[in-house]
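Asks: In the UniProt record's numbering, the protein residues as written are 1 to 301.
Sharing a structure below in structure tokens format, with a few things to ask.
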């Protein structure tokens with residue numbers, strides 16, 4: 001009789017299939033991606049786009065395309081007013097974002113405006129024509145450095161002081177410095193040759209750059225409009241006025257921007273008066289509280 005032959009391959013096949021089954025039954029573990037969420041990147045992406053807008057504005061100024069350069073800086077200013085609010089809404093505020101935003105502000109509102117005005121009117125003004133550009137840029141750097149240094153001490157300030165900037169903010173300073181460019185572009189559009197030639201004289205950009213630089217580093221309290229409360233009776237007129245200005249800005253942007261600079265200059269004394277009024281009210285309230293603490297309570301016999 002022949003003995004049944006034992007197949008050695010059967011156990012081996014069984015043992016080789018068992019790990020395969022185990023691997024199939026084993027649950028796949030997804031690898032976790034380490035890094036910040038996309039919400040935290042959106043404000044930084046916007047800041048980067050604003051920075052690119054400032055660089056493109058300088059590029060257009062070199063080619064003499066001043067309208068395109070001004071539009072690029074306006075886009076940068078719009079993005080600058082948007083990225084911080086979006087960061088707070090998405091809870092994506094970081095120290096890196098704050099530093100990146102400050103560097104972007106320095107280039108877009110400190111370097112680019114003086115660059116534009118140099119090619120607009122100052123390049124043929126002699127050997128000292130670049131001095132007001134240097135002054136404005138240095139003042140902008142000092143203003144941004146002071147702003148960053150005061151961020152850690154904001155909670156020590158009085159409550160009324162949180163509604164004010166110390167000195168003119170960076171975007172508004174850039175707009176004030178570029179007033180000759182806005183006025184000149186409007187005069188060119190309307191065909192007013194004498195006004196156009198006047199805005200391209202070196203002394204007008206020199207005046208705006210130097211005066212705006214002093215406003216940047218000054219201690220003038222300026223409305224920040226962050227926590228500004230509008231009285232109920234002024235809400236509707238404010239909305240109508242904003243809509244009207246938006247229409248004018250689209251239809252005649254250079255005249256609207258030049259007018260905005262003039263209006264902003266008239267608001268500066270009013271903001272200082274408002275600050276002094278709030279400061280006096282806070283000091284009077286503090287004095288009344290101190291007097292009440294020092295007055296002894298009447299004794300009952």
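Note that beta-carbon positions come from the ideal geometry of N, C-alpha and C, so glycine has one too.
Considering only residues of the stretch 152-190, which uninterrupted alpha helix (DSSP H) runs meet the minimum length of 4 residues and lie entirely inside it, listed in chain order?
Replies: Those alpha helix (DSSP H) runs which fall completely within the stretch 152-190 and span 4+ residues are 170-177, 179-190.
Asks: Between the Cα of residue 225 and the Cα atoms of 188, 213, 267, which residue gives the shortest distance?
Replies: For the purposes of this step, residue 225 is taken as the residue at position 225 of the chain shown. Minimum Cα distance to residue 225 is reached at 267.
Asks: So for residue 230, helix, strand or coil by DSSP?
Replies: As a first step, residue 230 must be located in the chain shown, where it is residue number 230. Correct three-state label for residue 230: coil.
Asks: Kindly give me the distance between the Cβ atoms of residue 170 and residue 143, rounded to whole angstroms, as I take these residues to be in contact under 8 angstroms.
Replies: What you label residue 170 is simply residue 170 of the chain shown in a count that begins at 1. What you label residue 143 is simply residue 143 of the chain shown in a count that begins at 1. Right, their Cβ atoms sit about 7 angstroms apart.
Asks: Pick from 228, 87, 54, 279: whose alpha carbon is nearest that of residue 42?
Replies: The count along the chain shown starts at 1 and reaches residue 42 at position 42. For residue 42, the nearest C-alpha among the options comes from 87.
Asks: Just to confirm my understanding: we take residue 273, look at its own chain, exclude 5 residues before and 5 after, and list those with CB closer than 7 angstroms. What are they?
Replies: If you number the chain shown from 1, residue 273 lands on position 273. Correct list: empty, nothing qualifies.
Asks: Pick from 282, 200, 90: whose alpha carbon is nearest that of residue 124?
Replies: The count along the chain shown starts at 1 and reaches residue 124 at position 124. When each option's Cα is compared against that of residue 124, the closest is 200.
Asks: Residue 72: which of 52, 62, 90 sits nearest, CA to CA?
Replies: Indexing the chain shown from 1 puts residue 72 at position 72. Ranking the options by Cα distance to residue 72, first place goes to 52.
Asks: Short of 7 angstroms in beta carbon distance, which residues of its chain neighbour residue 186, apart from the five on each side in sequence? Order them along the chain.
Replies: For the purposes of this step, residue 186 is taken as the residue at position 186 of the chain shown. Here the set comprises 254, 255, 258.
Asks: Should residue 211 be listed as close to the ligand NAD, given that the test is whether its C-beta is under 7 angstroms from any heavy atom?
Replies: Within the structure as shown, the ligand NAD is missing, as the structure has no ligands at all.
Asks: What are the start and end residues of the alpha helix (DSSP H) that includes residue 222?
Replies: Residue mapping note: residue 222 aligns to position 222 of the chain shown, counting from 1. Taken as a continuous stretch (DSSP letters only), residue 222 belongs to no alpha helix (DSSP H), being part of the beta strand (DSSP E) at 221-223.
Asks: Is it true that the CB of residue 83 sits closer than 8 angstroms to the CB of residue 101?
Replies: Position 101 of the chain shown, counted from the first residue, corresponds to residue 101. Position 83 of the chain shown, counted from the first residue, corresponds to residue 83. Cβ distance < 8 angstroms, so residue 101 and residue 83 count as in contact.
Asks: Using a 10 Å radius around the Cβ and a threshold of 16 neighbouring Cβ atoms, would you call residue 80 buried or exposed?
Replies: As a first step, residue 80 is located in the chain shown; it is residue number 80 there, counting from the start. Under this definition residue 80 is a buried residue.
Asks: Assuming residue 94 is part of the alpha helix (DSSP H), what are its boundary residues?
Replies: Taking the first residue of the chain shown as 1, we reach residue 94 at position 94. Run containing residue 94: none; DSSP gives neither H nor E here.
Asks: What does the alpha-carbon distance come out to for the pair residue 195 and residue 285?
Replies: Position 195 of the chain shown, counting from 1, holds the residue named residue 195. Position 285 of the chain shown, counting from 1, holds the residue named residue 285. In a straight line, the C-alpha of residue 195 is about 52 angstroms away from that of residue 285.
Asks: Between residue 209 and residue 133, is the Cβ-Cβ spacing less than 8 angstroms?
Replies: The residue labelled residue 209 in the question sits at position 209 within the chain shown. The residue labelled residue 133 in the question sits at position 133 within the chain shown. Yes, they are a contact pair.
Asks: Residue 132 lies in the alpha helix (DSSP H); which residues open and close that run?
Replies: For the purposes of this step, residue 132 is taken as residue 132 along the chain shown, with counting starting at 1. Here the alpha helix (DSSP H) through residue 132 covers 131-149.
Asks: How big is the Cα-Cα spacing for residue 62 and residue 56?
Replies: Position 62 of the chain shown, counted from the first residue, corresponds to residue 62. Position 56 of the chain shown, counted from the first residue, corresponds to residue 56. Going from the Cα of residue 62 to the Cα of residue 56 covers about 10 angstroms.
Asks: Identify, in the order they occur along the chain, each residue of the same chain with its Cβ nearer than 6 angstroms to the Cβ of residue 76, setting aside the five sequence neighbours on each side.
Replies: Stepping through the chain shown from its first residue, residue 76 is reached at position 76. Result list for residue 76: 50, 53, 54, 108, in chain order.
Asks: In terms of residues, what are the limits of the alpha helix (DSSP H) holding residue 85?
Replies: If you number the chain shown from 1, residue 85 lands on position 85. 66-89 is the extent of the alpha helix (DSSP H) around residue 85.
Asks: Could you say which of 223, 40, 229 lies nearest to residue 89 if we only look at CA atoms?
Replies: For this step, residue 89 is matched to residue 89 along the chain shown. With distances taken between Cα atoms, residue 89 lies closest to 40.
Asks: According to DSSP, is residue 123 helix, strand or coil?
Replies: Residue mapping note: residue 123 aligns to position 123 of the chain shown, counting from 1. Correct three-state label for residue 123: coil.
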